Amino acid sequence: MASKPSARLAVAGIVAVLTATGAGTASAAPEHHEPDVTVAATPSALSIGTGTCLGGQLAVELTNKSAEPVYADATVSAPAALHVQRTMVSSYLPVGYTRTSLIPVTAPTGTPAGTYTITMATGDSQVRVPVTVAATVPDPNGNLARTADTVLASTSHAGYPPCAAVDRDRDSAHWGTTTGWNDGTSKVWPDWYQVTFVAPTAVGRVDLYTLDSAKYPAARYGLRDWDVQVLVGSLWQTVAQVRGNTAGLVSSTFPAVSASAVRLWLIAGNGANDYSRIVELEIYQG
Numbered sequence: 033m034a035s036k037p038s039a040r041l042a043v044a045g046i047v048a049v050l051t052a053t054g055a056g057t058a059s060a061a062p063e064h065h066e067p068d069v070t071v072a073a074t075p076s077a078l079s080i081g082t083g084t085c086l087g088g089q090l091a092v093e094l095t096n097k098s099a100e101p102v103y104a105d106a107t108v109s110a111p112a113a114l115h116v117q118r119t120m121v122s123s124y125l126p127v128g129y130t131r132t133s134l135i136p137v138t139a140p141t142g143t144p145a146g147t148y149t150i151t152m153a154t155g156d157s158q159v160r161v162p163v164t165v166a167a168t169v170p171d172p173n174g175n176l177a178r179t180a181d182t183v184l185a186s187t188s189h190a191g192y193p194p195c196a197a198v199d200r201d202r203d204s205a206h207w208g209t210t211t212g213w214n215d216g217t218s219k220v221w222p223d224w225y226q227v228t229f230v231a232p233t234a235v236g237r238v239d240l241y242t243l244d245s246a247k248y249p250a251a252r253y254g255l256r257d258w259d260v261q262v263l264v265g266s267l268w269q270t271v272a273q274v275r276g277n278t279a280g281l282v283s284s285t286f287p288a289v290s291a292s293a294v295r296l297w298l299i300a301g302n303g304a305n306d307y308s309r310i311v312e313l314e315i316y317q318g
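Numbering of the sequence shown is given in the working numbering, commencing with residue 33 and proceeding in unit increments.
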């Protein structure tokens, strides 16, 4: 009787060969070798600040240089001072294929300035990336949003993350390329956008730059109605309200209050597609 073809599978660096030699009889002839999978990271060194929005990211590359397709894992190890979004990268790699995974890296507010090391490893391949954390420096213009601990939103549209609205870029002409937050639920209200401080801070003015350019005028694409709220103790307080807006910039001032967070409660936008759009949010003591 003719023998049946062999089956080959490489998993986690082990190749096994099973050959059926006859009816009811099978023999196993395992081959053991480590597949040639390498790990690399870009950039080779990273500089970040503290807080959610002053981090960076690493592009981790797994490359299969062996003669068999493999399933490969790489561990991502970071010291307690840093936060990495993933501690493991796993991928199926055809022969000669490279898989790239992006891993955000942040340092919580209050992390001591210094250089820390993130290590990525798979099999015998390893790469170490130094991460330099800079001390938190107050914004020279007094914008409290730039040194916030966390920045969150109810939802986000792909390519428009919350941090893009606290990046010092007020220019609506850059919308859709380098700056701005857009919610992810058209015509669903309310939305919210929140900046939290590491400790209670005096707040007396909030400047909101909504989308307003020659291509995307605020009267059609900007925010129309919203409340400005501050978190005092465990309670949210509304300190300003905006209704019927068609301008690109609205500055809301109010008696200064010690707050641990500022939230924009977004009620309506202008135009048929009806999204929440913030190009930049700035927060000041008064």
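Where is the CB? At the ideal position from N, CA and C, for every residue including glycine.
Predicted, not measured: the structure shown is a model, and the values here were computed from it.
Residues near residue i by beta carbon distance below 8 Å, same chain, minus five either side
i	result
A72	V92, E93, T95, V159
T270	D259, V260, Q261, W297
G236	T285, F286, P287, A288, V289, Y316, Q317, G318
Per DSSP, cross-strand counterpart(s) of residue i
i	result
H206	None, per the DSSP bridge assignment.
H189	In the DSSP output, where bridge partners are listed per residue, H189 has none listed.
N214	R309
T147	T164
S157	T154
P220	For the record, residue 220 in the displayed sequence is Val; it is not Pro. Answer is none; V220 lacks a bridge partner.
Three-state class that DSSP yields for residue i in the structure shown
i	result
Y253	helix
A73	strand
L243	coil
P194	helix
R118	coil
A55	The predicted model places A55 with a pLDDT of 42, which falls under 50 and marks its position as unreliable; any figure quoted below should be read in that light. Note: A55 maps to coil in three-state DSSP.
P279	It is worth fixing the name first, because residue 279 is Ala in this sequence and not Pro. DSSP places A279 in coil when its eight states are reduced to three.
T82	strand
T179	helix
P136	strand
R200	coil
Q226	strand
E93	strand
G303	coil
T293	It is worth fixing the name first, because residue 293 is Ala in this sequence and not Thr. Strand, per DSSP.
P62	With a pLDDT of 47 at P62, under the threshold of 50, the modelled position of that residue is not reliable, and the figure given next carries that caveat. Looking at P62 - three-state DSSP - the assignment turns out to be coil, as it is neither helix nor strand.
Counted within 10 angstroms of its Cβ, other Cβ atoms place residue i as buried (16 or more) or exposed
i	result
P62	At P62, the pLDDT of 47 sits below 50, so the modelled position is not reliable and the matter cannot be decided from this model.
S79	exposed
S59	With a pLDDT of only 47 at S59, under the threshold of 50, the placement of this residue in the model should not be trusted; the figure read from the coordinates follows. Label assigned to S59: exposed.
T119	exposed
Y124	exposed
R275	exposed
A246	exposed
V83	As written in the sequence, residue 83 is Gly, which differs from the Val given in the question. By the neighbour-count rule (16 or more Cβ atoms within 10 Å), G83 is buried.
S98	buried
S308	buried
L240	buried
A197	buried
P28	Residue numbering for the chain in the displayed model covers 33 to 318; residue 28 lies beyond these limits and cannot be assessed.
G254	buried
T57	With a pLDDT of 44 at T57, under the threshold of 50, the modelled position of that residue is not reliable, and the figure given next carries that caveat. Exposed is the call here.
V238	buried
A2	The displayed coordinates of the chain run from 33 to 318. Any statement about residue 2 would go beyond what the structure contains.
7 Å CB neighbourhood of residue i in its chain, flanking five on each side removed
i	result
D199	T211
Q117	I135, P136
G174	Y316, Q317
E154	The amino acid occupying residue 154 in the given sequence is Thr; Glu does not appear at that position. Counting only Cβ-Cβ distances below 7 Å, and skipping sequence neighbours, we find V69, V71, L94, A104, D105, A106.
T20	With the chain represented from 33 up to 318, any question about residue 20 goes unanswered, as that position is not in the structure.
Close beta carbons around residue i, own chain, < 6 Å, minus the five adjacent residues each side
i	result
A234	A288, S290, Q317
T151	S109, R160
T164	S79, T147
D257	R275, I299, A300
D244	S204, A250, G254, G280
Y129	N96
L263	A291, S292, A293
*Evaluate contact between the region 180-189 and the region 100-115, counting only Cβ atoms and requiring at least three cross-stretch pairs below 8 Å.*
no
*Does the region 216-226 touch the region 242-253, meaning 3 or more C-beta pairs lie closer than 8 Å?*
no
*Would you call the region 303-315 and the region 226-240 in contact, with 3 or more CB pairs under 8 Å?*
yes
_Assess contact between the region 270-282 and the region 213-220, defined as three or more Cβ pairs (one per stretch) separated by less than 8 Å. Is contact present?_
no
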